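In what follows, a structure is listed as structure tokens, so that the remarks can point back to it.
There are 2 protein chains.
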Amino acid sequence: MDQDLKAYFAKTLAEVSIDCVIFGFHAGELKVLLLRWKETDGWSLPGGRIFKEESLNAAAVRILQERTGLTEIFLHQYYTFGDTNRNTHFTEMELLERLEGFFGKGIFDELLHNRVVSVGYFALVEFALVQATPDWFTDECRWWNIADVPNLLFDHNDMITSALQALRQQIRNQPIGYDLLPEKFTMPELQKLYETILDKQFDRRNFQKLLMSYDILEKLDEKRVGVANKSPFLYRFDKQKYEKAIHSGISFSM
Amino acid sequence: MDQDLKAYFAKTLAEVSIDCVIFGFHAGELKVLLLRWKETDGWSLPGGRIFKEESLNAAAVRILQERTGLTEIFLHQYYTFGDTNRNTHFTEMELLERLEGFFGKGIFDELLHNRVVSVGYFALVEFALVQATPDWFTDECRWWNIADVPNLLFDHNDMITSALQALRQQIRNQPIGYDLLPEKFTMPELQKLYETILDKQFDRRNFQKLLMSYDILEKLDEKRVGVANKSPFLYRFDKQKYEKAIHSGISFSM
DNA sequence: GCAAAAGTGTTCTAGTTACACCCATGC
DNA sequence: GCATGGGTGTAACTAGAACACTTTTGC
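From first to last, the protein sequence lines stand for chains A and B. Each residue of the first sequence is one higher than the one before, counting from 1 in UniProt numbering. Each residue of the second sequence is one higher than the one before, counting from 1 in UniProt numbering.
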């Protein structure tokens, strides 16, 4: 195992890595996928190393695929973190010792003492489709509500904060939702998604008017059944028009 | 010299570097600062290596300072370029041979055959204050009009294209001009800057109204003298209010 | 005096915001 | 039948767009 890991390290870049903030949306809450490191209670973002012959974007896609099982998901590079003190959060000796005991001394040095620049990506995924899988260093995957994220290893709390900022920037210039919602969804669900990301309430009528004005939504003849209260209509994104709106850009200004 | 260079390489990261798109504005034209490589007619962006104990941002500031003599300039990280074929533009053997003859074979390998991820920054500088200075590999600095930029080495044409996109994004959400214009300037000059960056014409009255509404400009009792035609008033940014507007953001929507 | 650029306000339009009543469903 | 949430349109307001004439200066 240690041998495998060394071979893997030898095939990958040592000074640059990737970390991904994977956003999901469920039960009206915005969530991020986090990993718990083996033998510890330290959590971190999913991330990974880049093969020497692999582009950054390809590595990000691969890492996402490895952790969620999903391909073809929305993935966006948002910032590259290059402070020299990126590992300072990881100073609790107890944690380090446990890791060292588990992985061996060499790996410890490689992982935590080297200075590494990390390229931050954020991904938007459909919560229900994710098959979360831990990696070499971790043995638990969990979705955390944005508001409940604990103190993370490395500078990963900062990474989430700025990913969220980038997502908020994104949502104001491009449609969002295709990757975060199931194929069919109701207008109140879409509105709740926007409200959750932007932490802001909207008027139902105005929201509907604005979203429909982008001409990316298709109102279906179906309604969501089995829920309390009046059955809401179902909508679906028109993939073609949605893609076009992504490229040409929209201005969501509520 | 070769020895110095090897020592420098040993103190810096090998897999990550920085490239800077330095924008200036002069005579109604948006310009970028480019460097010509010694013994060649190949041009590239200013860039540099990162010291092992230096943060990305500090390295970018240092590189800018080295090339322009300026400190405290507007600097923004906009994208990290990590394709594996980033060096493919550099295939002209004649160029490579000349470089090899000049720098020696070792340097050639290090620089051009290694796969390097490059963090892109763009800077906005006041044209007149720049004392452009070439680096180790180059012997000429020149300002080029954006529209006249030749085919550059590496993937640097792409870098300029996306820096310009990022700048256009920037200008719509934050005030711009403090770093690109001299201390005192006229409203038509400021308008020309906006028009040049966005490649779009504005109505003088509406432009003035909008810019003044941000409450970041101070109209002076002076006029620019000695120019043809009616003397325009001079304006100055109110640094405090300008900084506040940068943080809180504006919406330039013309 | 003439050409070229700058100073200045108002009207119209379009987009954004505010707002309320009825209806369907589950319990 | 009642509580809860969803569906739907209009009026007021505000911000953006369009627009022209006068003034100053250098040549």
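For glycine and all other residues, C-beta sits at the position ideal for the given N, C-alpha and C. Note that this is a predicted model, so its numbers are computed, not measured.
When the Cα of residue i is compared with those of the options, which residue comes out closest?
i: residue 255(B); options: 41(B), 51(B) and 124(B); result: This structure leaves residue 255(B) out entirely; chain B is present only between 1 and 254.
i: residue 156(A); options: 121(A), 10(A) and 27(A); result: 121(A)
i: residue 184(B); options: 239(B), 61(B) and 3(B); result: 239(B)
i: residue 216(B); options: 174(B), 229(B) and 222(B); result: 174(B)
i: residue 176(A); options: 75(A), 48(A), 41(A) and 46(A); result: 75(A)
i: residue 159(A); options: 228(A), 51(A), 83(A) and 222(A); result: 83(A)
i: residue 199(A); options: 218(A), 178(A), 165(A) and 127(A); result: 165(A)
i: residue 146(B); options: 40(B), 163(B) and 104(B); result: 163(B)
i: residue 219(B); options: 131(B), 36(B), 24(B) and 186(B); result: 186(B)
i: residue 80(A); options: 201(B), 34(B) and 60(B); result: 60(B)
i: residue 222(A); options: 236(A), 228(A) and 213(A); result: 236(A)
i: residue 257(A); options: 45(A), 252(A) and 149(A); result: An answer regarding residue 257(A) cannot be provided, because it is not within the stretch 1 to 254 covered by chain A.
i: residue 241(A); options: 227(A), 231(A) and 211(A); result: 211(A)
i: residue 32(A); options: 43(A), 39(A) and 225(A); result: 43(A)
i: residue 229(A); options: 188(A), 10(A) and 132(A); result: 188(A)
i: residue 248(B); options: 6(B), 195(B) and 172(B); result: 172(B)
i: residue 73(B); options: 102(B), 127(B) and 39(B); result: 127(B)
i: residue 15(A); options: 48(A), 99(A) and 144(A); result: 48(A)
Could you list which residues in chain B have their beta carbon closer than 8 angstroms to that of residue i, in chain order?
i: residue 14(A); result: 15
i: residue 77(A); result: 79 and 80
i: residue 84(A); result: 53, 54 and 55
Residues of chain A with a CB under 9 angstroms from the CB of residue i: which are they?
i: residue 19(B); result: The premise fails here: residue 19(B) is roughly 12 angstroms from chain A at the closest Cβ pair, so nothing lies under 9 angstroms.
Under the three-state reduction of DSSP, which class applies to residue i: helix, strand or coil?
i: residue 157(A); result: helix
i: residue 228(A); result: coil
i: residue 28(B); result: coil
i: residue 177(A); result: coil
i: residue 75(A); result: strand
i: residue 200(B); result: coil
i: residue 19(A); result: strand
i: residue 162(B); result: helix
i: residue 34(A); result: strand
i: residue 132(A); result: coil
i: residue 251(B); result: coil
Mind pulling the chain A residues with CB within less than 8 angstroms of residue i?
i: residue 119(B); result: 80, 82 and 117
In the DSSP assignment, find the alpha helix (DSSP H) that holds residue i and state where it starts and stops.
i: residue 213(A); result: 204-213
i: residue 51(B); result: It is not in any alpha helix (DSSP H) - residue 51(B) instead sits in the beta strand (DSSP E) that spans 47-51.
i: residue 2(B); result: 2-11
i: residue 56(A); result: 56-68
If residue i and residue j are in contact, beta carbons under 8 angstroms, what's the gap, nearest whole angstrom?
i: residue 118(A); j: residue 17(A); result: 5 angstroms
i: residue 36(A); j: residue 135(A); result: In fact, because the Cβ distance is near 11 angstroms, the residues do not count as touching under 8 angstroms.
i: residue 25(B); j: residue 129(B); result: About 12 angstroms separates the two Cβ atoms, so there is no contact after all.
i: residue 34(A); j: residue 23(A); result: Not a contact, Cβ separation roughly 12 angstroms.
i: residue 104(A); j: residue 4(A); result: About 12 angstroms; that fails the 8 angstroms criterion.
Got a sec, what are the start and stop residues for the beta strand (DSSP E) residue i sits in?
i: residue 145(B); result: 138-145
i: residue 237(A); result: 233-237
i: residue 221(B); result: 217-223
i: residue 123(A); result: 117-124
i: residue 185(A); result: 184-186
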